[in-house]
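Enquirer: Heads up, the sequence shown is in this note's numbering, so the first residue is 952 and it goes up one at a time.
Supplied in structure tokens, the structure appears directly below.
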Amino acid sequence: MAIKVTWLGHAALALDVNGTPVLVDPFLSNNPLAAARPSDVQARAILLTHGHGDHVGDTIAIAKRTGALVIANNEIANWVARQGVQTIHGMNPDAYYDFGFARVALTIAFHSSSLPDGAYGGQPNGILLHAPGGEKIYIAGDTGLFSDMKLIGEQGIDLAVLPIGGNYTMGPDEALRAVQFIQPTAVLPVHYNTFPVIQVDVAGWARRVHTETTSKVIILDPGGSHTL
Ligand code: NI
Ligand code: MN
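Below is the structure:
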């Protein structure tokens, strides 16, 4: 049992969950840091945190090519269907559904959510993924700090994927507090350095996390992977 997490740049992830390819927020074609092309990625499922263009990204083209199941809140799932993708699964927060490759729940997030054409995207979300081997991953999505991250941490998180870039999401200070709330074994920072307004000294942030928490920071270059 192993889960390989590959950072595709910005908030886009490619997960290999015991052999099942799963994409998260596949923003690739307009992503200056993209480590893969939409035509090259594989997906059995695509998980979306919210409706913003830097997260929905290339979902429609990838889902049409691969037949991937698009998993998101109801508003986004229905929007995806209106774009011609019928393989959808709508959810709402704090309820696990067993997709076979993993149990998945949406969480709350403190952000906004509208789709690229202006359609209402429902409430923004994070994602909890519990793999059959027991691994637990929390992908916060775009969010500010919120104290219920402590409740999420109580589940025992092996890997937390947190935005650290600021301006649109938590910046380094808030993300450090988030690590203290969640207490994950490891933390993967994302949503930084893609654009000038979210430039961050990630090595400096990692030093702070290593000094002030017991969590290990995983710094990846776009295209880099971490296995848990
Ligand atoms: Ni956003
Ligand atoms: Mn974003």
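Glycine included, each C-beta is placed from N, C-alpha and C at the ideal position.
Contact defined as beta carbons within less than 8 Å: I believe residue 1039 pairs with residue 1028. What is the distance between those atoms, to the nearest angstrom?
Expert: 4 Å
Enquirer: In the structure shown, what three-state DSSP assignment does residue 1170 receive?
Expert: The answer is coil: DSSP assigns residue 1170 none of H, G, I, E or B.
Enquirer: By alpha-carbon positions, which one of 1079, 985 and 1122 ends up nearest to residue 1043?
Expert: 1079
Enquirer: Is residue 1154 helix, strand or coil when you go by DSSP?
Expert: Of the three classes helix, strand and coil, the one that applies to residue 1154 here is helix, per DSSP.
Enquirer: Run through the region 1109-1139 for me and flag every whole beta strand (DSSP E) of 3 or more residues, listed as ranges in chain order.
Expert: 1110-1114, all fully within the region 1109-1139.
Enquirer: Short of 8 Å in beta carbon distance, which residues of its chain neighbour residue 1131, apart from the five on each side in sequence? Order them along the chain.
Expert: 1163 and 1164
Enquirer: In chain order, what residues of the same chain lie with their CB nearer than 8 Å to the CB of residue 964, ignoring the 5 residues before and after it?
Expert: 956, 957, 958, 974, 975, 976, 1090, 1112 and 1141
Enquirer: Nearest CA to the CA of residue 997: which residue from 981, 1016, 985 and 983?
Expert: Among 981, 1016, 985 and 983, the Cα nearest to that of residue 997 is on 1016.
Enquirer: What's the C-alpha gap between residue 1103 and residue 1007?
Expert: Each residue's alpha carbon lies about 24 Å from the other.
Enquirer: Please determine whether the Cβ atom of residue 1093 lies at a distance below 6 Å from any heavy atom of ligand 2.
Expert: True, at least one ligand heavy atom lies under 6 Å from that Cβ.
Enquirer: Is the beta carbon of residue 1174 closer than 7 Å to that of residue 924?
Expert: The structure shown has nothing for residue 924, since the chain only spans 952 to 1179.
Enquirer: Going by the beta-carbon positions, is the gap between residue 1069 and residue 1002 smaller than 7 Å?
Expert: no
Enquirer: Can you tell me the Cα-Cα spacing of residue 1005 and residue 962, whole angstroms?
Expert: 8 Å
Enquirer: So, for residue 983: in the same chain, excluding its five sequence neighbours on each side, which residues have a beta-carbon less than 7 Å away from its beta-carbon?
Expert: 1145
Enquirer: Give the range of the alpha helix (DSSP H) segment to which residue 1100 is assigned.
Expert: 1100-1104
Enquirer: Out of 1147, 1065, 1110 and 1124, which one is the CA nearest neighbour of residue 1178?
Expert: 1110
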